[in-house]
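Undergrad: Dumping the structure here so I can ask a few things about it.
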Ligand code: PHE
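In this note's numbering, the protein residues as written are 2 to 332.
Shown next as structure tokens:
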């Protein structure tokens, strides 16, 4: 067999093949199962011939490889040239993910407080009864302690009903002055409706320093609300009661839907509740070993979903958890 001629012919045929099927015809002719070279390789008895034929086969395979690459390039070039391939057509859309609206709002709130010199402090969602109620001077018979309001894991352990136990933990773990915000998930046995959910996020704020007054609380909430809602929204403070603050207040913001006129979202009051607040009760300081004659403080706990509703005009809390991409994709 004239292997030199075999090689010459094969390489020439690969070089002149015009398309992919041409290349595979040449392959069958020179490298296929019944072509002379593979048959000869099967019959090889001596080392020298084996080496010769194997290196010949390698050279032919390289020739085939180069030919395949060339015809593939020519195919694309020809399709573009003939208008068969429209490179301006839109590709397959690949939707981008994003942070959930509630997460965006939580981070925005955190940023506002970081800007005012606060620190973000992370508490636990599971609390003992002491931190969730006792240390916050919540009386034994208080309705919030009942099995029908609170999720008890056992007699002494609850899913925290508010972020206020974080106040206690923070004060137990460090000395004043303290300026912290604690965002986190809370749990209550509430029936879901447009403004209630058995699980929701709160953000607790605690400031402890010398000479803190209720005016500091009001100024902080005002600065925070303006940063978040803009100057057109008004904020009001009305008296309330919490076991761990004295005096206690609640903050409301003018309704996003009617602007204060009264509508179904604000139950015709013109206002929407943001949450509770107050001046830290001296007994709470005593419970964590702070001297109430030296230290004073304010605290508040606002609902993050409520703030997100107010911020973006969302009429129903449940929309956050339905995960309808038509809703979530707008933010
Ligand atoms: N923890 C209270 C609640 O869940 C809110 C609050 C926080 C009130 C801090 C006063 C001070 O409703």
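Cβ coordinates follow ideal geometry from the N, Cα and C atoms, glycine included.
1) Report yes if the C-beta distance between residue 72 and residue 29 is below 8 Å; otherwise report no.
2) Can you tell me where the beta strand (DSSP E) with residue 249 in it begins and where it stops?
3) Measuring CB to CB, does residue 335 end up less than 8 Å from residue 40?
4) From residue 97 to residue 314, what does the alpha carbon distance come to, in whole angstroms?
5) Use the C-beta contact count for residue 131: other C-beta atoms within 10 angstroms, 16 or more gives buried, fewer gives exposed.
6) If we require 3 or more residues per run, which beta strand (DSSP E) segments fall completely within the stretch 94 to 140?
7) Give the secondary structure of residue 155 by DSSP, where H, G and I count as helix, E and B as strand, and everything else as coil.
8) Could you have a look at residue 5 and say whether DSSP puts it in helix, strand or coil?
9) Okay, do the stretch 101 to 114 and the stretch 184 to 204 touch, 3+ Cβ pairs below 8 Å being the bar?
10) Alpha carbon to alpha carbon, how far is residue 259 from residue 318?
11) Less than 8 Å between the C-beta atoms of residue 210 and residue 178, yes or no?
12) Figure out for me which residue from 272, 194 and 287 has the closest Cα to the Cα of residue 234.
13) For residue 239, which residues does DSSP report across the bridge?
14) When every heavy atom of the ligand GDP is checked, does at least one fall within less than 7 Å of the C-beta of residue 126?
15) Counting C-beta neighbours from all protein chains within 10 Å, is the total for residue 355 16 or more, i.e. buried, or is it exposed?
16) To the nearest angstrom, how far is the alpha carbon of residue 326 from that of residue 12?
17) Which residues does DSSP list as the beta-bridge partners of residue 307?
18) For a minimum of 3 consecutive residues, which ranges assigned as the beta strand (DSSP E) are wholly contained in the stretch 140 to 226?
19) From which residue to which residue does the beta strand (DSSP E) around residue 274 run?
20) Taking 7 Å as the cut-off, is the beta-carbon of residue 277 closer than that to any non-hydrogen atom of the ligand PHE?
21) Looking at the secondary structure, which residues open and close the alpha helix (DSSP H) in which residue 50 lies?
22) Going by DSSP in three states, residue 299 sits in which element: helix, strand or coil?
23) Got a sec? Which residues, its chain only, sit under 7 Å from residue 312 by beta carbon, not counting five neighbours each side?
24) For the candidate residues 138, 160, 323 and 322, whose alpha-carbon lies nearest to that of residue 126?
25) Where do the ends of the alpha helix (DSSP H) carrying residue 41 lie?
26) Residue 254 to residue 237, Cα distance in whole Å?
27) Taking buried to mean at least 16 other C-beta atoms within 10 Å of its own C-beta, is residue 169 buried or exposed?
TA: Put simply:
1) No. Outside cutoff.
2) For residue 249, the uninterrupted beta strand (DSSP E) segment begins and ends at 246 to 255.
3) Since the first residue shown for the chain is 2 and the last is 332, residue 335 is missing from the structure and cannot be characterised.
4) Between residue 97 and residue 314, the alpha-carbon positions lie close to 24 Å from each other.
5) It counts as exposed.
6) Correct list: 127 to 129.
7) DSSP places residue 155 within a strand segment (E or B) once states are collapsed to three.
8) Helix.
9) The answer is yes - the stretch 184 to 204 touches the stretch 101 to 114, with three or more Cβ pairs under 8 Å.
10) Put simply, the backbone Cα of residue 259 is about 18 Å away from that of residue 318.
11) Less than 8 Å separates the beta-carbon of residue 210 from that of residue 178.
12) Put simply, of 272, 194 and 287 the residue whose alpha carbon is nearest the alpha carbon of residue 234 is 272.
13) Note: residue 239 sits in a beta bridge opposite 251.
14) This structure does not include the ligand GDP; its bound ligands are the ligand PHE.
15) Lying before the first or after the last residue shown, residue 355 is absent from the chain, which here runs from 2 to 332.
16) Just so you know, the alpha carbons of residue 326 and residue 12 end up roughly 58 Å apart.
17) Residue 307 is not bridged to any residue.
18) Given a length threshold of 3 residues, each whole run of the beta strand (DSSP E) inside the stretch 140 to 226 is given here in chain order: 153 to 155, 158 to 160, 179 to 188 and 200 to 210.
19) Looking at the DSSP string, the run of the beta strand (DSSP E) that includes residue 274 is 272 to 281.
20) The answer is yes for residue 277.
21) For residue 50, the uninterrupted alpha helix (DSSP H) segment begins and ends at 48 to 83.
22) In this structure, residue 299 counts as strand in the three-state DSSP scheme.
23) Excluding sequence positions up to five before and after residue 312, its CB lies within less than 7 Å of the CB of 106, 229 and 230, all in the same chain and listed in chain order.
24) Ranking the options by Cα distance to residue 126, first place goes to 160.
25) 37 to 44 is the extent of the alpha helix (DSSP H) around residue 41.
26) Within the model, the alpha-carbon separation for residue 254 versus residue 237 is close to 6 Å.
27) The residue in question, residue 169, is buried, as its Cβ has 16 or more Cβ neighbours within 10 Å.
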